[in-house]
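Presented below is the structure to which this report refers.
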Amino acid sequence: VERATEALKAQIGAVILNDEVQGSIGLPKNADPGVFMRAAAGTEAITVDGYGAMHAVTSKLGRGTSGALVVARTLAPFRTEERQILKAMAQALGLALRGLRTLTAERELRAEREREAEERLQLLEALRQRERLLETLLKIQRSISNRKPLEEVLDAVTTGAAGLLNSAVVTLVLADPMADGQLIAAWTCGPQETGRDDALVMAAASEAMAGDCVVTSTGDSDHPDHRSVIAAPVHVSGHIRGSLAAYTHGAGGHLVEQRELLSAFAQQVSLALTDANTVEAMREAYHDSLTGLPNRALFLDRLNHAIASSDGHCTVLFIDLDRFKAVNDSLGHKAGDELLASVAERVRACIRAGDTASRLGGDEFAILLRGAGPRTGVRVARDIIESVKEPFRIFDRDVYIAASVGVASSRGSGTDAGDLLSNADVAMYRAKKAGPGRIVIFEPHMHAEVVERLHLQADLQRALSLDEFKLQYQPLVQLDNLHPVGVESLLRWTHPERGIVPPSLSIPVAEETGLIVELGRWVLRESCRQASEWRTTIPDMAINVNVSARQMMDSAFVSDVSGALAASGLPADCLTLELTETVLINDPDKALQQLHDLRDIGVRLSIDDFGTGYSSLSYLRQFPVNQLKIDRTFVAGITKSNENLAVVRTVVELGRTLRLQTVAEGIEDRDQLKALRRLGCHLGQGYHLAVPLPPEAIPAHFASQSHLSAA
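The opening position of the sequence shown corresponds to residue 1058 in this note's numbering, with each subsequent residue numbered one higher.
Below you can see the structure in the form of structure tokens.
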């Protein structure tokens, strides 16, 4: 009800089930809820105490659910598009309620037949199917309500439908407004298997659009793997603009259920496209607005058709620009956009008329060479690299960049388009690692590294729930008297099969997957809890906790810190958050606001690995930091290199000038310790002073070291 009233700018709304108002919003306390029943009965003009005359609109919850979704407002009557939006929401709600009823029945059935293993497994799968349906529809509704990019919403619809229709191949067919309504398979999701009848899919989509109804077409009935195509019409602002089609197994009652499910997803597509407001948004969904090139979705569609042709012989080039980020950062995004448009023109000039150039996103491009092998691919890649090497005239100055290219060729009609593009991407990554302007042809063994990284991502997702993460603590020591004053939390992951996984492997993967936010929240809470416990016997104990750039820029991070302090009872000034320099430069305005909010709480802030990033004096003066941590690479060479000694001396003096505490990392021997003490560095840590310790060893260590330093 909240979503419906918000989307339609209504003041009141309600859900009616079994002739009763089950939930409502906005209705004044003394108002008669019976107005909703009158609206549900067909009355579109109602009077409500506190609002006066209102316009009402009602939509039934669909087959199998006796009820309706009702909203009313004092503004103008509801338009056709708004009624369609309410209809889509009502159908989604009805489907969700039917799913909940089914879930209840299936749970009862599972309890009755718990002893029968095979039926229990079938029930569990059905339960997961229903849960996935609810989660998928809610995710799509949130994406539409939050105005997510149209391509992202449509990807969610096709992916969700494919997953819930027995791994069907789901295709969103749209009428191209730039080509007299010619149908185009704008999105395809699901297994791209050999033998799929694309003509049958297009015919069913066309029939659904012509009849404005859900249709089912069947292929060759003599084929051992009998398939059907279900297609449901897609509307934009009340007009038919496409169809959602599923190439799927199914027959009889099962097919009826699939028709209903596909129709629900088609309604979500209609809602998303209508919400986008203009028909031009459909074209933007499969063309890049900056360069005019096809985007990833259209590129994969054309690649699928090329693979499905007579011999399926084609080659894909994956292109990534070298040094583009430097141009973007130094000259600005407008210059970067102009550069990308110029690159697109040069790339187009290097290929034949029947080939396809695409911008996949950012500074990545792809080329489809029809009927070509790897030798032709290398030749075209070399032409593109030579063309891109020539200077670009951007804002009255010459700009120089380069390109790295990966080449992958199909092995016939059985090749998957997504896999082929992925192979070219893997080869490009190898080329980029070798240096600018390189070309690499994909070989199967290159997947091993990628697969290993994917396995690591999956293991990392499970590790937190399986309690595989632990914290160790390395003491921070006051260098003038060697008195321990605190500890730094260090995350350790022990995998049941891999053993100890180095942070250098796990942390980047956690950053990529976004798990770093949840993982960092756990580290923060556990560190605060542990420090608070220690302070009962070590009153002056302080603790440092590392914070990633992604975690720091999370909108909930400041409240996470406040919550950890409140839950543990740890005083705020006993917590120091260690930030990398990249936090300060990626989004300075947001970083500054976050840091000031943290300082208002009372926590201390430290810049970790200082000297290895991009910090400048202006950043240090602008941001409210308390501490600088000198990177271990400079400390390691302090007694061997005058340059390293000069760097450390400069950082210490800079800290003294700005009244910032300085901390030296990685102190490994007595000579380094002496040098740092002579320079006046405040704190230090490293294996010469103390190794990382489990939490139970910290009290004894502090007691012994405090006794020695006092002596």
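Glycine is no exception: its CB is placed at the ideal position from the N, C-alpha and C atoms.
Proximity winner among Asp1537, Ser1461, Val1326 and Ala1149, relative to Gly1492 (alpha-carbon distances): Ser1461
C-beta atoms of Ala1088 and Val1078 nearer than 8 Å: no
Pick from Ile1241, His1296, Met1610 and Gln1718 that is closest to Thr1633, judged by C-alpha positions: Gln1718
Whether Arg1734 touches Asp1537 by CB criterion (8 Å): yes
Within 8 Å, strictly: CB atoms of His1758 and Leu1750: yes
C-alpha gap between Gln1729 and Asn1699, whole angstroms: 13 Å
Segment limits, beta strand (DSSP E) that includes Gln1535: Phe1526 to Gln1535
Touch test, the stretch 1558-1572 against the stretch 1617-1631, Cβ-Cβ under 8 Å, three pairs minimum: no
Exposure of Gly1325, with buried meaning 16 or more beta-carbon neighbours within 10 Å: At residue 1325 the sequence reads Gln, which differs from the Gly that was named. The residue in question, Gln1325, is buried, as its Cβ has 16 or more Cβ neighbours within 10 Å.
6 Å CB neighbourhood of Asp1076 in its chain, flanking five on each side removed: none
C-alpha gap between Ser1546 and Val1604, whole angstroms: 11 Å
Cut-off 8 Å between Cβ atoms - residues of its own chain near Ala1459, not counting five sequence neighbours on either side: Leu1378, Asp1379, Arg1380, Ile1442, Val1445, Lys1446, Pro1493 and Gly1494
Coarse secondary structure for Glu1063, derived from DSSP in three states: helix
His1007 burial status per 10 Å Cβ neighbour count (16 or more: buried): Residue 1007 lies beyond the stretch modelled for the chain, which goes from 1058 to 1768, so this question has no answer here.
Secondary structure of Gly1295, DSSP reduced to three states: coil
Cβ distance (whole Å) where Leu1463 is taken to contact Phe1356 below 8 Å: Looking at the sequence provided, one finds Gly at residue 1463 rather than Leu. The Cβ separation is near 15 Å, so there is no contact.
Cβ neighbour criterion (16 or more within 10 Å) applied to Gly1659: exposed
Short Cβ contact (8 Å threshold) for Ser1274 with Ala1064: no
CA-to-CA distance, Leu1350 to Arg1189, given in whole angstroms: 35 Å
Sequence-distant residues of its chain with Cβ nearer than 8 Å to Gln1518 (five each side left out): Thr1570 and Leu1572
Own chain residues within Cβ distance below 7 Å of Ala1769, not counting five before or after: This structure gives no information on residue 1769, because the portion of the chain shown stretches from 1058 to 1768.
Residues bridged to Gly1463 [DSSP beta-bridge criterion]: Phe1375 and Val1497
Beta-bridge pairing of Leu1425 - partner residues as DSSP gives them: Val1373 and Thr1413
Under the three-state DSSP convention, the category Tyr1744 falls into: coil
Those runs of the beta strand (DSSP E) which lie wholly inside the stretch 1122-1167 and span at least 3 residues: 1124-1130
Cα-Cα separation between Gln1762 and Gly1743, rounded to whole angstroms: 15 Å
At least 3 beta-carbon pairs within less than 8 Å: the stretch 1133-1145 vs the stretch 1112-1124: yes
Straight-line gap, Thr1245 to Leu1211 (C-alpha atoms, nearest Å): 10 Å
Among Lys1686, Leu1157, Thr1122 and Glu1171, nearest to Glu1638 - alpha-carbon criterion: Lys1686
Same chain, Cβ closer than 6 Å to Glu1139, neighbours up to 5 away in sequence not counted: Leu1065
Residue span of the beta strand (DSSP E) that contains Gln1079, given as start and end: Glu1077 to Ile1082
Between the CA atoms of Pro1085 and Thr1159 - distance to the nearest angstrom: 35 Å
Reduced DSSP category for Gln1068 - H, G, I as helix; E, B as strand; rest coil: coil
Beta-bridge partners of Asp1455, as assigned by DSSP: Arg1450
Candidates Ala1505, Pro1681, Ala1392 and Leu1513, of which the one nearest Leu1636 by Cα: Pro1681
Nearest-angstrom Cα separation, counted from Arg1316 out to Gly1309: Because Gly1309 sits at a pLDDT of 48, beneath the cut-off of 50, its placement in the model cannot be relied upon, and the point is left open.
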